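Counting in the UniProt record's numbering, the sequence shown runs from 1 upward without gaps. In what follows, a structure is listed as structure tokens, so that the remarks can point back to it.
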Amino acid sequence: MNKLKSSLFVFVICTVWPFVVMAEQAYLLTEKTYKALEAAQQQMADEQYSQAEVALIKLVSETTDGSYERAVVLQTLGYLYTETGDYARATERFRAALALNALPEEVNHNLRYNLAQLLIADGQFQQGINLLEQWLQKEDGPENRVYVLLATAHYQLKQFTKTVENIRIAISRDNAPKEEWFRLQLAAHLEMQQYDSAINVLETLLIMKPKDKTYWQQLSSLYARQEKQLTALAVTALVKRLDLGDADTVMQLSNMYRYLRIPFKSGELLQQSLDNKVISGNFENLEKLADSWLSAREGDRAAVVLEKMRGADNSGETDLKLARVYVSEERWQSAQEPIVAAIDKLSSEKQGDAYLLAGMIAYHLEDIETAEQRLQQALRFDKQRSQAAQWLRHLQQRQPEEDV
């Protein structure tokens, strides 16, 4: 609203006073009115609004009804109320000035635009829209902000088609359209459930602000509504427009791939970015890479990454995860070392899974004694007790067969 006040201040200085001082024009003020207006203007500049208001109200009564002088005084009074934030009285005075039809057409034209701004600022959206559209009919080359203002007013009235129509005009005419313009367009498309159009806008916003997590989340959500084949094509097209030399962009894109259940692409992207030193090889990034390969059922690739991570993790979780990978691939011998490390590192309440897994590994390595020991230890944990008991029964059933 400060911008609105500033624009109206410029309006008063630039469109009213020239007509005051140009003696050859028909629009003239008496010396008394001129000096009174000049004094009131100075009071407003000094923020002495109460004194200026009293003087201007008195001046209205001293001017002739329907005259140019009264129109100028009413207009100045409207500006004063704008400065003090009393938009209802400001619009009332501007309307009264226009109704007299005593101001030069150029001033009337500018006043209509400023009145339209005030009406919209005061929540009188439809009246503001009507006046702006009337103003546009006589305006050559209107600025883009006019269409933004129209779009905003239409949005407040839930007239979303008109919102899109006007904001698109502003965007198409500007060499550097503002982010908030696209956000307004996006909001209108979402309100109308025009998801394909919303995706197009979000892709543009992501190019503008690739580090904005909200845009990534919104786009991921909208992509997920599409068929998987269309989603993959859309993401491929988006990638071509992104700067994959930026670490934040890479990580956001990787998160999107995983959200959309395209983990192999996430793994490829992260691995390439690590190789090219776009992202650092810290534990967190390696963990995301390993999880991507695991989700993509690329056990060998996941194992390579997990092996690199083990030395940086004293919790035992990475060892346990690696052991599970080897078990899933029936690489029993490879699983033995990380499962022992997991048991040593894991806190006591988390050892149940490790003991159960260790028992299974020992069994497949035909180390029945160790298998029984590990499974007996797993019995101590509620979550693993049932499975451990089943495995122990299986071992006991094998014993007679082996003795024979």
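C-beta: ideal position from N, C-alpha, C; glycine also. Just so it is clear, the structure is predicted and the values come from calculations on it, not from any experiment.
For residue 263, the enclosing alpha helix (DSSP H) begins and ends at 263 to 275. In the three-state scheme derived from DSSP, where H, G and I count as helix and E and B as strand, residue 178 is classed as coil. Around residue 365, the same chain offers 332 as residues with beta carbons nearer than 6 Å, after the five sequence neighbours per side are excluded. By a beta-carbon distance limit of 8 Å, residue 357 contacts residue 327. Their separation comes to about 6 Å. Sixteen is the threshold: since fewer than 16 other Cβ atoms of the shown chains lie within 10 Å of the Cβ of residue 57, the residue is exposed. Here residue 185 is near residue 168, since their CB atoms are less than 8 Å apart. With respect to the C-alpha of residue 272, the residue from 39, 289, 282 having the closest C-alpha is 289. With respect to residue 103, residue 111 sits close: the two C-beta atoms are nearer than 8 Å. For the pair residue 259 and residue 265, the CB atoms are not nearer than the 8 Å cut-off.
Minimum Cα-Cα distance from residue 126 among the listed residues 109, 154, 140 corresponds to 154.
In the assembly as shown, residue 143 is an exposed residue. Its beta-carbon has fewer than 16 other beta-carbons within 10 Å.
Cβ-Cβ distances below 6 Å link residue 84 to 49 in the same chain, with the five nearest sequence neighbours on each side left out; the list follows chain order.
Shown here for residue 243: same chain residues with a beta carbon closer than 7 Å to its own, the five before and five after excluded, namely 210, 249 in chain order.
Counting only the Cα atoms, residue 270 lies some 10 Å from residue 280. Note that the C-beta distance between residue 367 and residue 320 is not below 8 Å.
Burial is judged here by how many other beta carbons sit within 10 angstroms of a residue's own beta carbon; residue 236 has fewer than 16 and is exposed. Burial check for residue 207: the Cβ neighbour count within 10 Å stays below 16, so the residue is exposed.
The alpha-carbon separation between residue 98 and residue 187 amounts to approximately 36 Å. Counting only the Cα atoms, residue 38 lies some 15 Å from residue 70.
Within the model, the alpha-carbon separation for residue 164 versus residue 182 is close to 10 Å.
When secondary structure is reduced to three states using DSSP, residue 131 falls in the helix class. CA-to-CA, the gap between residue 44 and residue 96 works out to about 21 Å. Secondary structure remark: continuous alpha helix (DSSP H) runs of at least 4 residues inside the stretch 220 to 266, in chain order: 228 to 239, 247 to 259. Its chain contains 345 as the residues whose beta carbon lies nearer than 8 Å to that of residue 314, once the 5 sequence neighbours on both sides are disregarded; these appear in chain order.
Going by beta carbons, residue 198 and residue 222 fall inside the 8 Å limit.
For residue 338, the enclosing alpha helix (DSSP H) begins and ends at 332 to 345.
Put simply, the backbone Cα of residue 228 is about 29 Å away from that of residue 160.
DSSP places residue 27 in the coil class of the three-state scheme, outside both helix and strand.
The Cβ neighbour count for residue 291, taken over all protein chains shown within 10 Å, is at least 16; the residue is labelled buried. Residues 310, 316, 319 of the same chain have their beta carbon placed closer than 8 Å to that of residue 341, with the five preceding and five following residues left out of the count. Collapsing the DSSP output to three states places residue 42 in a helix. Counted as a single uninterrupted DSSP element, the stretch harbouring residue 278 is not any alpha helix (DSSP H), since DSSP gives it neither H nor E. Per DSSP, reduced to three states, the secondary structure at residue 360 is helical.
Taking C-beta separations shorter than 7 Å and ignoring five residues to either side along the sequence, the partners of residue 52 in its chain run 40, 43, 44, 80, following chain order. Separation of the CB atoms of residue 150 and residue 129 is rounded to 6 Å, and the pair is thereby assigned contact status at 8 Å.
Comparing C-alpha distances from residue 117 to each of 88, 105, 140 shows the shortest one belongs to 88.
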